[in-house]
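Number of protein chains: 2
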Amino acid sequence: MVTVAGKTERASKPERAGRTGRARETREAILDAAERLFAEHGVGEVSNRQICEAAGQGNNFAVGYHFGTKADLVRAIVRRYNAEMEQRRLRMLAELTDSSDLREWISCLVLPATGHLDALGVPSWRARFMAQANTEPALRQIVIEEAVATPSMRRNLDGMFRLLPGLPEEVRQERAGMSRMLTVYALAERERALHEGDPTTRTTWEDTAVGLIDALVGLWPAPVTIPR
Amino acid sequence: MVTVAGKTERASKPERAGRTGRARETREAILDAAERLFAEHGVGEVSNRQICEAAGQGNNFAVGYHFGTKADLVRAIVRRYNAEMEQRRLRMLAELTDSSDLREWISCLVLPATGHLDALGVPSWRARFMAQANTEPALRQIVIEEAVATPSMRRNLDGMFRLLPGLPEEVRQERAGMSRMLTVYALAERERALHEGDPTTRTTWEDTAVGLIDALVGLWPAPVTIPR
Chain B
1 MVTVAGKTER
11 ASKPERAGRT
21 GRARETREAI
31 LDAAERLFAE
41 HGVGEVSNRQ
51 ICEAAGQGNN
61 FAVGYHFGTK
71 ADLVRAIVRR
81 YNAEMEQRRL
91 RMLAELTDSS
101 DLREWISCLV
111 LPATGHLDAL
121 GVPSWRARFM
131 AQANTEPALR
141 QIVIEEAVAT
151 PSMRRNLDGM
161 FRLLPGLPEE
171 VRQERAGMSR
181 MLTVYALAER
191 ERALHEGDPT
201 TRTTWEDTAV
211 GLIDALVGLW
221 PAPVTIPR
Chain L
1 MVTVAGKTER
11 ASKPERAGRT
21 GRARETREAI
31 LDAAERLFAE
41 HGVGEVSNRQ
51 ICEAAGQGNN
61 FAVGYHFGTK
71 ADLVRAIVRR
81 YNAEMEQRRL
91 RMLAELTDSS
101 DLREWISCLV
111 LPATGHLDAL
121 GVPSWRARFM
131 AQANTEPALR
141 QIVIEEAVAT
151 PSMRRNLDGM
161 FRLLPGLPEE
171 VRQERAGMSR
181 MLTVYALAER
191 ERALHEGDPT
201 TRTTWEDTAV
211 GLIDALVGLW
221 PAPVTIPR
């Protein structure tokens, strides 16, 4: 095909739509396969070749072609997850505005994730993928960047920190890490138990959220000891 | 060599001592290598062959010969770790007796581990091994069995639960899981950061313990919501 004066020859409209649709399907298949393999083995232990095979892609370069580096692929999975939760959190926050009840703000941190996992059904790999991504510092940085970058999360944390004015910045960050860690691992553990038919501590995702929120309502405003 | 009437021919005494010493060295080398490899890659991702190679054992059956299954090997690493902490915790508990200060009992949960890691120096892999073992449910069960089986841990938890009489049994177990998870992952993260020369949130292991203890003093007695 000939390109004349910057004008690239294009496929006809229906053909383009077909290609775009196929590209989207390929991307989704890769995201699904990578999420599952990362969840099961850890991000560092899975190769692009394994992801391509699991996604039914004959071409081992499909991951690189569609996503770039492994970090980019992890970011894409995290974004897909955050996008699902964003609407849920924004709806919840709309009802809070200036609430002075710490529990309500903490609930907005937890319930979008449990609601989303509940909607996904069994099996899902999303919570276990998040747990694995949080294990590796470089990837955890991506998770944090992406999470804090969402408008809903910024509003959520601002609303919460207004009620914890005495918390030093370092302790705030430390507890944010603890809070994230507790949530991520509790959800991953429940997702795994549901998948493998093991008993679970709590009956439903909603009850799981209640247990987590209770604990975080104690953890966030806990007294701060200044080390000697 | 001939065995007569149940009487096995034995090596002479100094030779036996040499063999026992070598066997002990081999066992320690395997424990060290396994701890490091499990910490870096996850227990499920490491083969006996890799452990034997890293331990300088020509014979790939050395792991099986000295320890049995992989679960037995994990148990042996956990026991070595617990043994190191047991003396520290017993010494701390001896000073508490009937303390009615929840913080003191919670300190006994955390300080033996941070004190031990401090004494190990950099690099160590112990905290990261524990984090990896806690990720896999079957192995986590071993960790819990071994930890609860130590006399110091039983006394520690008994003393603590006396101060939390209203906590339902399920919530007690749930929070024990959260408390363990928070501690294990915070110590693993610090151990990794020290090893890789990354910045750490807290300056010393002792300060790290203070941050953890503060959070747990809030988490353990947090209000309990009965789900609808």
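Protein chains in written order, with the UniProt record's numbering: chain B, 1 to 228; chain L, 1 to 228.
No residue lacks a Cβ here, since even glycine has one placed at the ideal position from N, Cα and C.
These numbers were taken from a predicted model, which means no experiment stands behind them.
Residue state for residue 56 of chain B is assigned as coil, using DSSP reduced to three classes.
Rounded to whole angstroms, residue 168 of chain L and residue 105 of chain L show a C-alpha spacing of 19 Å. Burial check for residue 185 of chain B: the Cβ neighbour count within 10 Å reaches 16 or more, so the residue is buried.
The closest CA to that of residue 54 of chain B, considering only B:22, B:26, B:70, is found on B:26.
Boundaries cannot be given for residue 96 of chain B, as no alpha helix (DSSP H) includes it and DSSP labels it neither H nor E. Distance from the CA of residue 61 of chain L to the CA of residue 52 of chain L, rounded to the nearest whole angstrom, comes to 8 Å.
The beta carbon of residue 175 of chain L falls within 8 Å of a beta carbon belonging to chain B, placing the residue at that interface. Contact annotation: residue 219 of chain B and residue 179 of chain B have beta-carbon atoms nearer than 8 Å.
Of all C-beta pairs linking the region 59-79 of chain L to the region 155-169 of chain L, fewer than three are shorter than 8 Å, placing the two stretches out of contact.
DSSP, reduced to helix, strand and coil, places residue 223 of chain B outside both helices and strands of the structure shown, so it counts as coil. Counting only Cβ-Cβ distances below 7 Å, residue 168 of chain L has no contacts in chain B at all, with the closest Cβ about 11 Å away.
For the pair of segments examined, the region 193-212 of chain B was found not to touch the region 187-202 of chain L: the number of CB pairs separated by less than 8 Å stays below three. Using beta-carbon distances, residue 178 of chain B counts as an interface residue toward chain L, with a partner under 8 Å. When secondary structure is reduced to three states using DSSP, residue 199 of chain B falls in the coil class, being assigned neither helix nor strand. The C-beta distance from residue 182 of chain B to residue 181 of chain L rounds to 7 Å, short enough to fall under 8 Å. Take the alpha-carbon of residue 228 of chain B and the one of residue 110 of chain L: they are about 17 Å apart.
Counting along the chain, the unbroken alpha helix (DSSP H) around residue 137 of chain B starts and ends at 137-149. Secondary structure of residue 105 of chain L (DSSP, three-state): helix. Note on residue 65 of chain B: under 16 other CB atoms within 10 angstroms of its CB, so exposed under the neighbour-count rule. Residues 219, 220 of the same chain have their beta carbon placed closer than 7 Å to that of residue 175 of chain L, with the five preceding and five following residues left out of the count. Taking the Cα of residue 39 of chain B as reference, the smallest distance to any Cα among B:24, B:77, B:49 is reached at B:77.
When the alpha-carbon of residue 36 of chain L is set against those of L:23, L:28, L:213, L:124, the nearest one is in L:124. If you ignore the 5 residues before and after residue 132 of chain B, its C-beta comes within less than 7 Å of the C-beta of 38, 39, 42, 43, all in its own chain and listed in chain order. Straight-line spacing of the CA atoms in residue 223 of chain L and residue 19 of chain B works out to 55 Å. Between the alpha carbons of residue 170 of chain B and residue 107 of chain L lies a distance of about 21 Å. Along the UniProt domain "HTH tetR-type" (30-77) of chain B, the beta strand (DSSP E) does not occur as any fully enclosed run of 3 or more residues. Burial is judged here by how many other beta carbons sit within 10 angstroms of a residue's own beta carbon; residue 97 of chain L has fewer than 16 and is exposed. Classified as buried, residue 211 of chain B has 16 or more neighbouring CB atoms from the shown chains inside 10 Å of its CB.
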